[in-house]
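**Q** In UniProt numbering, the protein residues as written are 1 to 1030.
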């Protein structure tokens, strides 16, 4: 069978830095985060990040001093490409060999590489063979072993336990004494020695420097490489092996390289040559640690030197090709030594990955060449070595840390790239072996994903990143339902009491003002929390409407500014923290409400405006809603997203249904209106605590960093555009001095670009993506956004007026109004919790499963769901919801009896599915990393609607309450009728295409892209070659 061999490079940079000084703000992880390298037990998640943050400033500076980024990806890609060229010539039977690049913690990631393999026709029932080629010549469980664990993990997540048609993997796990490697090092040493005077040449001390490891992770194979090099040099010079880049407080291998150099110089031995014996290309450990720290700080740069790194050395390229060819010809899955577990190893993942890679069913035909990256997982090692069965000439595979040369073949369509989707899995290796070219095994059986959702859950990419975690660390919409329900119960319970509190406070002030103007005027005292029929007069109603208008407008304006920012930030930094921030304003608002109700004679009711300020500045309900919907979108496949978002809406309406009733009886039981606000405050605090301390984050670190990369690219483009145009423009009007000032302050990270590019409406640009073929998509997104804005903003603006209208028309009190709110809200809950899931199953899930059965597709191995725009069911549910809204509003305007008024509320409540459907449908139009920004833009529209809607509705009601109070229902009917008409133009199955000419023309950096090759992610920030401590 023909095979196509592809090379993959996976770089991990240990020395905590981003790809360039300008991108240091993206730094998150370090070696200290890796429990395999520095095990901290239960304190790993707390002490690891703390140690990481302490190291970050230092590493940022180091990267800045070597040019702002690492060349490791460049050399890894070059070595892989050149190796495959040679391999095509020396192994034509397995040609062609196509190179890939994959990094453990930088783009392109191991996961991304696996996806590309799947997309190119491997796996997914089509088979194919792959070889993972480690670029750590010497094996250790914290370098090669950790990398194979990563490969095994993604293989399990993306291909699961499918019995056939998966990629067949093998591994080249070590080659410490390969003659070509030894010759490359020896020739570079001889070249450097030739630079010394002949009379001193034989006295030069050779210091072989390797990346240090904790004492618990001994790397014996480095010494084997050193000895073989010296044997090739005929032991012409004295030599020593030393270790660099120690991190953390635990004991590491020594002596340290810098200390060794200092000691030799003190003893008078100044002629020293440093040999980075465990590194196959330049990176921060060579360019900064050796060149700048060790040599630069020695004070003897003229006599202390470093040999040239292997980089593009032709001998080394030939060596890589020879190792790969020997592995392909050998027909083994991994070296015999690799299957031996370390004494005392307790890593279950290591054991499982070794079982998988060494299993007879796992022979591969892909060559993965991992460039010298030390991925830090120290205690992962296990598995029995065994020779895999060969199927149709498939070879074994190896997973390594940085560079992967991958050769893959589709068993269904040999020699050609087919379409498919793949993911990587985690694999591990431990004990080194003397074999130079035997392959490592790669990909094994990982943890099973949560089966509560059946095949649908396994077939959604969003679950893959968390599949290996225990259930309590996996994000799910169900984490939000409990605390969200309790919060909405308190929110719903305080809705009517708070409005009545405002009525009572305004009424007290209204009559007090009248008595001040007319001392003979008398009135019945207003008692807070009691029925006060004397307040049911047009004058008080006008003042209440005006006051609620002020608070609504203030909250709306502020949330319009902050909600989009919070949504965008949540894409880059996770949903949890931003949900907590959005809830803090509610806590302050409730505190001020309690103070105003507790001390009405001391604290004027206008202080409630300050509470509205705090609520708005943290995003208010708008931000909380969009963030919770973003969280839900992260956790739900497209086919069930509307149902899950409906659950959140059901929680809201359940709170609105039962909260008012419970609150009404609670106030009667306690005898004070103030008690319900204490309960609400407690629920706010509980919600914040539960979300922050218990709820798992829904965005993986990788997705957060990807979003940050795209944001950085957008900001850089904006800054460059401003820098290229504004100074010339300013010099013509303000002179050259002003232009120079502007130019000097236009670098990224300064305040001027942010100020000049600030635009409060900028988040809305995602609603109108430009580019070829996006016209229909623009129409869809803009129509859905407009309809959603109408539904949400009018619902929030009309709710207060509806209650005021019903109390005014039917002389209802707190209990009657609460019952009305409860009945309509309970109807919405039934619709969202029962009717909507039933409709979704009958018209979407059921037909999908029938199609799978007809096509003979196993639901457990069905293709993963992807966003593909709104479908026909979404659109029809939206239209039916709007029809219900229109019918209910018409009824509100014409009925004059309480019973029919409540019936109209029930009819309108069927429209509750509309908002859930829109929120779900619109997120299906964009990639996952844009969901937060898209919902943030909707949040901006909601907030603006929250400003405009109360002005129009409250103002209209205040103006017509004495003449025609139903006027605002007539207006709402017209608005919802317009929304229904607009929904007729929404089309199904439209999805955002990001191309160079499109609105989102941001580098997405597919594997192998040269652009932004030095952007670092997480561990890459810390070190290019050492294991991590997380």
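The C-beta atom is built at its ideal place from N, Cα and C for all residues, glycine as well. Computed from a predicted model, the values in this text were never measured in an experiment.
1) Cβ atoms of residue 305 and residue 273: under 7 Å apart, would you say?
2) DSSP three-state label for residue 673, please.
3) Give the single residue among 564, 616 and 108 whose Cα lies nearest to the Cα of residue 585.
4) Go ahead and pull the three-state DSSP assignment for residue 1077.
5) Under 7 Å between the Cβ atoms of residue 956 and residue 776?
6) Which residue comes first and which comes last in the beta strand (DSSP E) that contains residue 139?
7) Is residue 129 helix, strand or coil by DSSP?
8) How long is the line joining the alpha carbons of residue 300 and residue 312, rounded to whole angstroms?
9) If you follow the alpha helix (DSSP H) that residue 244 is in, where does it begin and where does it stop?
10) Per DSSP, what kind of secondary structure is residue 715 in: helix, strand or coil?
11) Given this structure, state the Cα-to-Cα distance separating residue 154 from residue 355, to the nearest angstrom.
12) Does residue 87 pass the burial test, meaning 16 or more other C-beta atoms within 10 Å, or should it be called exposed?
13) Mapping DSSP to helix, strand and coil, what is residue 566?
14) Give the DSSP bridge partners of residue 275, in chain order.
15) At the level of alpha carbons, what is the spacing between residue 614 and residue 559?
16) Can you tell me which of the three DSSP states residue 989 falls into?
17) Helix, strand or coil for residue 256, going by three-state DSSP, please let me know.
18) Exposed or buried, which one is residue 962 when buried takes at least 16 other CB atoms within 10 Å?
19) Going by Cα to Cα distance, which pick from 985, 850 and 952 is closest to residue 972?
20) Is it true that the CB of residue 654 sits closer than 7 Å to the CB of residue 829?
21) Tell me the residue span of the beta strand (DSSP E) that contains residue 234.
22) Should residue 177 and residue 224 be called a contact, given that it needs their Cβ atoms to be closer than 7 Å?
23) For residue 902 and residue 478, what's the separation of their Cα atoms in angstroms?
24) Taking buried to mean at least 16 other C-beta atoms within 10 Å of its own C-beta, is residue 302 buried or exposed?
25) Mind pulling the beta strand (DSSP E) runs of 3 or more residues that sit fully within the region 541–617?
26) Please confirm whether residue 646 and residue 836 have their CB atoms less than 7 Å apart.
27) Quick one: grab the DSSP three-state call for residue 1027.
28) Please name the residue in 637, 703 and 628 whose C-alpha comes closest to that of residue 687.
29) Is residue 891 near residue 904, with beta carbons less than 7 Å apart?
30) Assign residue 494 to one of three DSSP states: helix, strand, or coil.
31) Could you please give the first and the last residue of the uninterrupted alpha helix (DSSP H) stretch that includes residue 876?
32) Under DSSP, the alpha helix (DSSP H) around residue 326 begins and ends at which residues?
33) Label residue 924 either buried or exposed according to how many other C-beta atoms from any shown protein chain fall within 10 Å of its C-beta, with 16 as the threshold for buried.
34) Identify the continuous alpha helix (DSSP H) that holds residue 85 and give its terminal residues.
35) Where does the unbroken alpha helix (DSSP H) through residue 178 begin, and where does it stop?
**A** From the atom records:
1) yes
2) coil
3) 616
4) In this structure the chain extends from 1 to 1030, so residue 1077 is not present and cannot be described.
5) no
6) Note, residue 139: premise wrong, no beta strand (DSSP E); not H, not E.
7) strand
8) 28 Å
9) Where residue 244 is concerned, there is no enclosing alpha helix (DSSP H), although the beta strand (DSSP E) it sits in stretches over 239–244.
10) helix
11) 15 Å
12) buried
13) helix
14) 208
15) Roughly 10 Å between the two C-alpha positions.
16) coil
17) strand
18) exposed
19) 952
20) Yes, they are a contact pair.
21) Taken as a continuous stretch (DSSP letters only), residue 234 belongs to no beta strand (DSSP E), as it is neither H nor E.
22) yes
23) Rounded to the nearest angstrom, the two C-alpha atoms are 32 Å apart.
24) exposed
25) none
26) yes
27) A caution first: residue 1027 carries a pLDDT of 30, below 50, which makes its placement in the model unreliable, though a value can still be read off. Residue 1027 falls in the coil class under three-state DSSP.
28) 628
29) yes
30) Assignment of residue 494 by DSSP, reduced to helix, strand and coil, places it in the helix class.
31) 872–894
32) 314–330
33) With 16 or more other CB atoms across the displayed protein chains lying within 10 angstroms of its CB, residue 924 is buried.
34) 72–90
35) For residue 178, no alpha helix (DSSP H) segment is defined, and its DSSP state is neither H nor E.
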